[in-house]
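Undergrad: Please find one structure pasted underneath; my questions will follow.
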Amino acid sequence: MATKAFQKIYTKISKITKATCTLKAEGIGNEELAEIDGRLAQVVKIIGDEVTLQVFGGTEGIPTNAEVVFLGKAPTLKVSDQLAGRFFDAFGKPIDGGPEVEGEEREIGGPSVNPVRRKQPSELIATGIAGIDLNNTLVSGQKIPFFADPDQPFNQVMAMVALRAKADKIILGGMGLTNDDYLYFKNVFDNAGALDRIISFVNTTENPPVERLLVPDMALTAAEYFAVEKNESVLVLLTDMTLFADALSIVSNRMDQIPSKDSMPGSLYSDLAKIYEKAVQFPDGGSITIIAVTTLSGGDITHAIPDNTGYITEGQLFLRRDTDIGKVIVDPFRSLSRLKQLVIGEKTREDHPQVMNTAVRLFADAANAKTKLENGFDLTDYDERTLAYAKEYSNKLLAIDVNIGTDEMLDTGWDLFAKYFSKEEVGIKQVLVDKYWKN
Amino acid sequence: MLTKGIVKGIISNLVIVEVDGPVSQNEIAYIKLPETKLMSEVIKVIGKNTYIQVFESTRGVKVGDPVEFMGYMLEVSLGPGILSRNYDGLQNDLDKMEGVFLKRGDYTSALDDEKLWDFKPLAKAGDTVVAADWLGEVDENGQPHKIMVPFVFEGVYTVKSVVEKGQYKINDEVAVLTNSDGDNVSVTMVQRWPVKQPIKAYRDKPRPFKLLETGVRTIDTINPIVEGGTGFIPGPFGTGKTVLQHAISKQAEADIVVIAACGERANEVVEIFTEFPELEDPHTGRKLMERTIIIANTSNMPVAAREASVYTAMTLAEYYRSMGLKVLMMADSTSRWAQALREMSNRLEELPGQDAFPMDLSAIIANFYARAGFVYLNNGQTGSVTFIGTVSPAGGNLKEPVTESTKKVARCFYALQQSRADSKRYPAINPIDSYSKYLEYPEYAEYISKRIDPDWIDLVNEVKTVLLRGQEVSEQINILGDDGVPVEYHVRFWKSEVIDFVILQQDAFDKIDMLTPIERQDYMLRKVMDICHSDFKFENFTEVDTYFKRIINNLKQMNYSEFESEKFKKYEEELVSILKERTAA
Chain W
1 MATKAFQKIY
11 TKISKITKAT
21 CTLKAEGIGN
31 EELAEIDGRL
41 AQVVKIIGDE
51 VTLQVFGGTE
61 GIPTNAEVVF
71 LGKAPTLKVS
81 DQLAGRFFDA
91 FGKPIDGGPE
101 VEGEEREIGG
111 PSVNPVRRKQ
121 PSELIATGIA
131 GIDLNNTLVS
141 GQKIPFFADP
151 DQPFNQVMAM
161 VALRAKADKI
171 ILGGMGLTND
181 DYLYFKNVFD
191 NAGALDRIIS
201 FVNTTENPPV
211 ERLLVPDMAL
221 TAAEYFAVEK
231 NESVLVLLTD
241 MTLFADALSI
251 VSNRMDQIPS
261 KDSMPGSLYS
271 DLAKIYEKAV
281 QFPDGGSITI
291 IAVTTLSGGD
301 ITHAIPDNTG
311 YITEGQLFLR
321 RDTDIGKVIV
331 DPFRSLSRLK
341 QLVIGEKTRE
351 DHPQVMNTAV
361 RLFADAANAK
371 TKLENGFDLT
381 DYDERTLAYA
391 KEYSNKLLAI
401 DVNIGTDEML
411 DTGWDLFAKY
421 FSKEEVGIKQ
431 VLVDKYWKN
Chain P
1001 MLTKGIVKGI
1011 ISNLVIVEVD
1021 GPVSQNEIAY
1031 IKLPETKLMS
1041 EVIKVIGKNT
1051 YIQVFESTRG
1061 VKVGDPVEFM
1071 GYMLEVSLGP
1081 GILSRNYDGL
1091 QNDLDKMEGV
1101 FLKRGDYTSA
1111 LDDEKLWDFK
1121 PLAKAGDTVV
1131 AADWLGEVDE
1141 NGQPHKIMVP
1151 FVFEGVYTVK
1161 SVVEKGQYKI
1171 NDEVAVLTNS
1181 DGDNVSVTMV
1191 QRWPVKQPIK
1201 AYRDKPRPFK
1211 LLETGVRTID
1221 TINPIVEGGT
1231 GFIPGPFGTG
1241 KTVLQHAISK
1251 QAEADIVVIA
1261 ACGERANEVV
1271 EIFTEFPELE
1281 DPHTGRKLME
1291 RTIIIANTSN
1301 MPVAAREASV
1311 YTAMTLAEYY
1321 RSMGLKVLMM
1331 ADSTSRWAQA
1341 LREMSNRLEE
1351 LPGQDAFPMD
1361 LSAIIANFYA
1371 RAGFVYLNNG
1381 QTGSVTFIGT
1391 VSPAGGNLKE
1401 PVTESTKKVA
1411 RCFYALQQSR
1421 ADSKRYPAIN
1431 PIDSYSKYLE
1441 YPEYAEYISK
1451 RIDPDWIDLV
1461 NEVKTVLLRG
1471 QEVSEQINIL
1481 GDDGVPVEYH
1491 VRFWKSEVID
1501 FVILQQDAFD
1511 KIDMLTPIER
1521 QDYMLRKVMD
1531 ICHSDFKFEN
1541 FTEVDTYFKR
1551 IINNLKQMNY
1561 SEFESEKFKK
1571 YEEELVSILK
1581 ERTAA
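The listed protein sequences derive, respectively, from chains W and P. Heads up, the first sequence is in the working numbering, so the first residue is 1 and it goes up one at a time. Heads up, the second sequence is in the working numbering, so the first residue is 1001 and it goes up one at a time.
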């Protein structure tokens, strides 16, 4: 960026840590951007004439006489329709070889929506995956993460969900993506012919970790443009939020803040909420839906990152390998979509809630039967049937490779009920049984 | 002459200001920016440096920006027109704000200055009055909203004049009072009060004793809360905290409900905005929204205002209590409030306590809970603020500072349990770990023996024993297997299951089951306990299973039917014949 005449240049840095620089400067605004030898940095603390900057690219090799130029503004993104189909880095600079985007310059991390102006979410998002559509239905304006161990195929499932959801725009915010995963996303979107609907902000593992802190705000600023100005339905994919939180803890650590649980900053909840709460249904039809990934270590959901996330998001999706069928399934017990009540049986067929609950309850009976078996107790005839049912239910409905419409999922449910159980054992409301039971 | 200052330092939303005059702790200050001004509060003073927490984003604030100190603490406006409003944490009316997004520095007035109210005088010239005495009343959504002697008035006053019955705006003079020095002071329908100070304009605060019906059986019957009582609901995410809280705020037999949505999901508040104007108050038939005040500081709204929001809500609750009303205040969640305290304490570089929370966390929580209570007003009437807060313990671990500090002060403890939620046993309140201290109050025992029956508390304690024994037996069956224990053990287990399914579990989404009046709770509890007292004959454990499932199904159908309706009686008769099958004649 060319230096402008009125910009002051400072060349005396008094303190350097791994992520921050401190120098004497005057007339500087809080959260203002600066360039230190060409690297972007942001003001995080001012005491008198001492200004502390967080350097996104890391401070390796920065000399005490580096040139510091203050830019007089907070981080911004130029928004316009030209964003569609493009790939950017964490600063919003093109990385696909294309030209700079022209448009209105907006500060990222803008204000929140007034709660009284929000609309209650009510539009169903169909993904074809029964583990989601049938048991944990997604709704536009919702925010929901995948809780998954790093070895699970969450990025694949997310790409699949993104392509099948009928969103006007899909915005990918990649934080600490491996280069392979980044190329995977690019290929999948390209092959699907969906590139013109996709906008990506990517920080790969090759980039400095602190840069990641900008990615969600960049992605959501673009999302707000399309959802508010164009009334479009926008789906934002954020992967991996655990790496985002790790970057937060790095910065707070360098600033000598006292860590709270699991070495995370005390403000973790607010920091995450600020991002996730951007999910909204606007009154004029536009919406922002956020699907995120939070990787777990050894499935531990009590760690500060998944724990705080769970309190913020509207449910969570768990992936698990079902060893009985050798496929990855959406775990029906630990997954939850808090907003599904707003659409199931209303926007979908009337029998949806009952079929969903009954199928899961019978699956739970199978789990009990399995425990009994493992503990060496005898199985009853009912136990045997639940086990056979569980296998087929898992294969035909829970597996992530399923791609069918909601009505077909419900019909499959009724098929399985009739195949393995009597009407009394299923215990569904009589009117529905009369209408849907398969003889 | 107001004190002025200039900005000397900025650390996130903590700003250091050099001042030119006196400032007081918790005084309100505004930072002036070219395009707007930002509200803040003094939280620490060291020499010339005053530390203020800003209730908004400090983006763009510079060293040298001017600051103006206002000479008063964070206050709310109290007067008719508060009911059914949606405020933010600083009592700005959210509906009056323009645009979809919240704008920094957009402060809107809490009350409507132009609306005309039908005023009816209650005091007359010559009366001697003190702070909080009633001068007149207006009708606010069907509630008699009392116009009181402002709480800040000290000493005794004589009423010089009160306006006649008629229509007035809130800022019109409605009375003139004379103080002991003979000076006249004018009184309007609005007064202001600093939120961090409790309103203590009452004669006496006895131990609370009157049952506050919530219609939720596992609360009213098993662990009751009382008018002016305190309770808290800790639970990991996904255990139904919000559904339970919404159920209580919809059904509780209160005149006024204040909901502080403190640092939680915005869509949950939207649910209240959407539903409450449609739903009916089960006690008056008016719309629920008419008795409700919402203080919304959702998780993405400024953190410092989150701390203020619970105090704002409590002050409004105390105001309505002074009118002799039954107020219920709910805060979801007090953990987010504690986190806001932690963030600030961290920036102030205070030495941290456990989990980096401030050292005085438990004192702050205790002081807050102490503001609830049942009171006798100066005129002998009663009023109450019942407070129920939720706690979101990190990782579901109840040994964390917020839960532990709250446990010391709240008298009712409703522990939401993950395993109950997983098995869809809602509300997921664990009946054995939870408690209500009020069950031990002789005042409550006396009240409830008149209201229901002298044997009530013994009956409730017996229920708890049956549940406990049921749990013990269930653990044994898990270890030894179904046929490893006597049949009698299975019967004991299933008796506790009857209580669980019929009394504890309740369908918050079923029109009839969601709300159970105490008389009906009494009836069903006795029905269930009769079953627990009966001797049944069984050959083997598989019979026990099927038989009790039938009993439970029958009793559940009764729960789903209108009380004492034809349908209800039909199921009741069926139950009698089922019981006859196996009880010793």
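Ideal Cβ placement from N, Cα and C applies to all residues, glycine included.
Report yes or no: is there a C-beta of chain W within less than 8 Å of the C-beta of P/Gly1238?
TA: yes
Undergrad: Alpha carbon to alpha carbon, what distance is there between P/Met1329 and P/Gly1231?
TA: 11 Å
Undergrad: If I follow the unbroken alpha helix (DSSP H) through P/Ala1331, where does it start and stop?
TA: Boundaries around P/Ala1331 are those of the beta strand (DSSP E), Lys1326 to Asp1332, since no alpha helix (DSSP H) includes it.
Undergrad: How about W/Leu432 and W/Tyr389: are their beta carbons less than 8 Å apart?
TA: no
Undergrad: I'd like to know whether the C-beta of P/Lys1062 is nearer than 8 Å to at least one C-beta of chain W.
TA: yes
Undergrad: Here's a check: name, in chain order, each residue in its chain whose Cβ is nearer than 6 Å to the Cβ of P/Pro1198, leaving out the five neighbours to either side.
TA: Here the set comprises Arg1371.
Undergrad: Using a Cβ cut-off of 9 Å, pull out every chain W residue sitting near P/Thr1298, in sequence order please.
TA: Ser112, Pro115, Ala273 and Glu277
Undergrad: List the residues of chain P that W/Ala222 touches, going by C-beta distances under 8 Å, in chain order.
TA: Residues of chain P passing the Cβ test: none, with the nearest at roughly 16 Å.
Undergrad: DSSP on W/Met1, reduced to helix/strand/coil?
TA: Any reading at W/Met1 is ruled out, since the residue's pLDDT is 43, under 50, leaving its predicted position unreliable.
Undergrad: Report yes if the C-beta distance between W/Ala84 and W/Ile199 is below 8 Å; otherwise report no.
TA: yes
Undergrad: Taking the straight line between their C-alpha atoms, what separation do you get for W/Thr3 and W/Glu32?
TA: Unreliable placement is indicated for W/Thr3, whose pLDDT of 47 sits below 50; the coordinate value is still reported in the next sentence. Cα to Cα, the separation comes out at about 16 Å.
Undergrad: Can you confirm whether W/Phe91, when its beta carbon is compared against all beta carbons of chain P, has any partner nearer than 8 Å?
TA: no
Undergrad: Span of the alpha helix (DSSP H) holding P/Trp1134?
TA: P/Trp1134 -> not in any alpha helix (DSSP H); beta strand (DSSP E) instead, spanning Trp1134 to Glu1140.
Undergrad: What three-state label does DSSP hand P/Ile1046 in the structure shown?
TA: strand
Undergrad: Along the chain, where does the beta strand (DSSP E) containing P/Phe1151 start, and where does it finish?
TA: Premise fails: P/Phe1151 is in no beta strand (DSSP E) and is neither H nor E.
Undergrad: Name the two residues that bound the continuous beta strand (DSSP E) containing P/Gly1166.
TA: For P/Gly1166, the enclosing beta strand (DSSP E) stretches over residues Gly1166 to Tyr1168.
Undergrad: Quick check: W/Ile288 and W/Glu229, are their CB atoms within less than 8 Å of each other?
TA: no
Undergrad: Taking Cβ-Cβ distances shorter than 7 Å, what residues in chain W pair up with P/Arg1085?
TA: Correct list: empty, because the minimum Cβ distance to chain W is about 10 Å.
Undergrad: Using the beta-carbon of each residue, which ones in chain W are nearer than 7 Å to P/Ile1011?
TA: Here the neighbours are Lys45.
Undergrad: Please list the partners that P/Gln942 has in chain W, where partner means a Cβ-to-Cβ separation under 7 Å.
TA: A question about residue 942 of chain P goes unanswered here, because the residues of chain P that appear run from 1001 up to 1585.
Undergrad: Classify P/Val1576: buried if its beta carbon has 16 or more other beta carbons within 10 angstroms, exposed otherwise.
TA: exposed
Undergrad: In this structure, does DSSP put P/Leu1083 in helix, strand or coil?
TA: coil
Undergrad: Should the stretch 1331-1341 of chain P be called in touch with the stretch 1184-1201 of chain P, which here means at least 3 C-beta pairs below 8 Å?
TA: no
Undergrad: With DSSP run on the structure shown, which of helix, strand or coil describes W/Lys429?
TA: coil
Undergrad: Taking 8 Å as the threshold (C-beta atoms), are W/Val161 and W/Thr137 in contact?
TA: no
Undergrad: Taking all protein chains shown into account, decide if W/Phe318 is buried (16 or more other Cβ within 10 angstroms of its Cβ) or exposed.
TA: buried
Undergrad: Tell me which residues share the same chain as P/Pro1393 and place their Cβ nearer than 6 Å to its Cβ, disregarding the 5 neighbours each side in the sequence.
TA: Pro1234, Glu1400 and Thr1403
Undergrad: Under 8 Å between C-beta atoms, does P/Leu1555 make it to chain W?
TA: no
Undergrad: Just confirm the distance between the C-beta atoms of W/Ala304 and W/Asp262, as a whole number of angstroms; I'd bet it's less than 8 Å.
TA: 4 Å
Undergrad: Strictly under 8 Å for the Cβ-Cβ distance: is W/Ala74 near chain P by that measure?
TA: yes
Undergrad: Using only alpha-carbon positions, find the residue among W/Ala418, W/Gln281 and W/Ser260 that is nearest to W/Tyr393.
TA: W/Ala418
Undergrad: Helix, strand or coil, according to DSSP, for P/Lys1537 in the structure here?
TA: In the displayed model, P/Lys1537 falls within coil according to three-state DSSP, outside both helix and strand.
Undergrad: Put P/Ala1370 into one of helix, strand or coil per three-state DSSP.
TA: coil
Undergrad: Under 8 Å between beta-carbons, which chain P residues line up against W/Pro452? List them in chain order, please.
TA: Nothing about residue 452 of chain W can be read from this structure; chain W reaches only from 1 to 439.
Undergrad: Please confirm if W/Ala304 has its CB atom under 8 Å from at least one CB of chain P.
TA: At a cut-off of 8 Å between beta-carbon atoms, W/Ala304 makes contact with chain P.
Undergrad: Rounded to the nearest angstrom, what separates W/Thr17 and W/Phe56 at their Cα positions?
TA: 12 Å
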